[in-house]
Each structure stands twice: as structure tokens, then as C-alpha cells.
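What follows is one structure encoded as C-alpha cells, with my remarks underneath.
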Amino acid sequence: MHLNCFAEVLALATPPANGQSGTQPNALMSFLPMILLVVVFYFILIRPQQQRAKQQKKLLEALKAGDKVITSSGIIAVVVTVKDKSVTLRSADAKFEVTKASVTDILDASTPTE
């Protein structure tokens, strides 16, 4: 501990070689790890989540009657009708209405009728 204090006093007592004050580089160096942490946090967590949200939004906009979909609960069904916030699905003999947000993937898109 005493050697560490001695090193700090010695570093404060010696003037910088280029004539600038010694506090500027230390302040920048103390903020650099925090800036790097924010950048890494953005690219690892935030950006992929935003891209997934954009994909989900496109998927829900492309949803139409006749599409074979899978819900977040694992139900595979065919879309009967699409409303503003809900979707009516048919799976085997069951017909039910779920929110659009519960549709996670389109397995087979229906062919457009002309």
C-alpha cells in the first residue's frame, strides 16, 4: 500500500513531457471504458432486438387469409380472417381468435387469388 501511494505522489510531482496538464488524458481514459461498454451493449443487445421487432412488424403486415402460421404457444393453424389487432385461426376442428402479436412465423404463405 505504501509503495502504491509513493507511485501516485511521484506521478503527480513529475510534469508531463509535452507541456500539457496531466489531468486531460486521465479524464479521457476514465470515460473510454464506459463509452466502449455502451457501444458493445448497443451492438449486442439493443440493435438485434430492434431488427427483430422490424421483422415481426413486416411479418404481421404481410399476414393474410390462407397463410399457415405458428403462434407463440406452438399452435400451427391456417388464417381465416385478419382484423386490426386480432387474427382468426383454424386448426383441425377448432376455430379461435388470437392477437396478431401471438403469431410468430408464417410457415406457408397462401398464393394470391386472381
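If you read the sequence shown in the working numbering, its first letter stands for residue -7, the second for the next number, and so on. All C-beta atoms in this analysis are idealised placements derived from N, C-alpha and C, irrespective of residue type, glycine included.
- Close CB contacts of residue 40 within its chain, under the 6 Å cut and outside five residues either way in sequence, are absent.
- Restricting attention to beta strand (DSSP E) runs no shorter than 3 residues, the region 44 to 95 encloses them at 60 to 63, 68 to 74, 78 to 83 and 86 to 91, ordered along the chain.
- In the DSSP assignment, residue 98 is bridged to 61.
- Sequence-distant Cβ neighbours of residue 60 in its own chain, meaning closer than 6 Å and more than five residues away, are 70, 99 and 100.
- Here residue 96 is exposed, its C-beta having fewer than 16 other C-beta atoms within 10 Å.
- Apart from sequence neighbours up to five positions away, the residues of its chain that approach residue 78 with a beta-carbon distance below 8 Å are 89, 90, 91 and 92, ordered along the chain.
- With fewer than 16 other beta carbons inside 10 angstroms of its own, residue 28 counts as exposed.
- At the C-beta level, residue 73 and residue 63 stay beyond 9 Å of one another.
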